[in-house]
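Numbering (my numbering), first residue to last: 17 to 158. We put the CB at the ideal spot given by N, CA and C, even for glycine. Bear in mind the structure is a predicted one, so any value in this text is a computation, not a measurement.
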């Protein structure tokens with residue numbers, strides 16, 4: 017597995033653990049146990065998005081530049097990630113300590129559904145595409 021993809025997927029597992037921790041606290045009706053892991057999730061997502069924006073997407077765009085269909089796919093994922101990122105920023109702004117569980121719970125469910133879908137899409141579609149492009153690039157530069 018490509019090192020960058022491996023790092024991104026390791027981050028995905030860490031994000032999933034935090035999501036589970038927050039969900040558990042929300043399901044148990046413990047709003048005081050949500051604020052800290054929620055702040056950590058916000059920081060982790062910012063780091064993850066930064067890695068994608070500074071390393072992953074620029075490399076993907078470069079490697080797919082000769083193929084219009086792949087360029088379109090790469091751009092669609094990048095644009096969609098920007099939209100998701102904007103939505104997450106708004107979510108985090110709405111839900112600061114003290115957490116209002118009645119407002120948080122339905123918003124959290126929608127946010128988690130979107131985030132989980134994105135992680136699956138990246139790992140099933142985007143990361144394998146990236147790895148194929150990197151492998152092809154390394155073969156042509158030998």
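Burial state of residue 136 is exposed, judged by a 10 Å Cβ sphere holding fewer than 16 other Cβ atoms. Restricted to the segment 100 to 137, the alpha helix (DSSP H) segments that are unbroken, complete and at least 4 residues in length are 117 to 137, listed in chain order. Contact between residue 101 and residue 65 holds: CB atoms are separated by about 5 angstroms, below the 8 angstroms threshold. Annotated three-state conformation of residue 44 is coil, per DSSP.
Contact between residue 37 and residue 53 holds: their C-beta atoms lie close to 5 angstroms from each other, under 8 angstroms. Fewer than three beta-carbon pairs drawn from the segment 19 to 28 and the segment 43 to 59 are found closer than 8 angstroms, and the two stretches are therefore not classed as touching. The three-state reading of DSSP puts residue 50 in coil, since its state is none of H, G, I, E or B.
When the beta-carbon positions are compared, residue 73 and residue 106 stay at least 8 angstroms from each other.
The Cβ neighbour count for residue 80, taken over all protein chains shown within 10 Å, is at least 16; the residue is labelled buried. At a Cβ-Cβ threshold of 8 angstroms, residue 131 and residue 45 do not count as neighbours. By the C-beta density criterion, residue 88 is exposed, having fewer than 16 other C-beta atoms within 10 angstroms. Taking C-beta atoms as the reference points, residue 108 and residue 58 count as a pair closer than 8 angstroms. Annotation for residue 35: 57, 128, 131, 132 place their beta carbon closer than 8 angstroms to its own, counting only its chain and skipping 5 residues before and after. For residue 141, the closest C-alpha among the options 47, 98, 86, 99 is that of 86.
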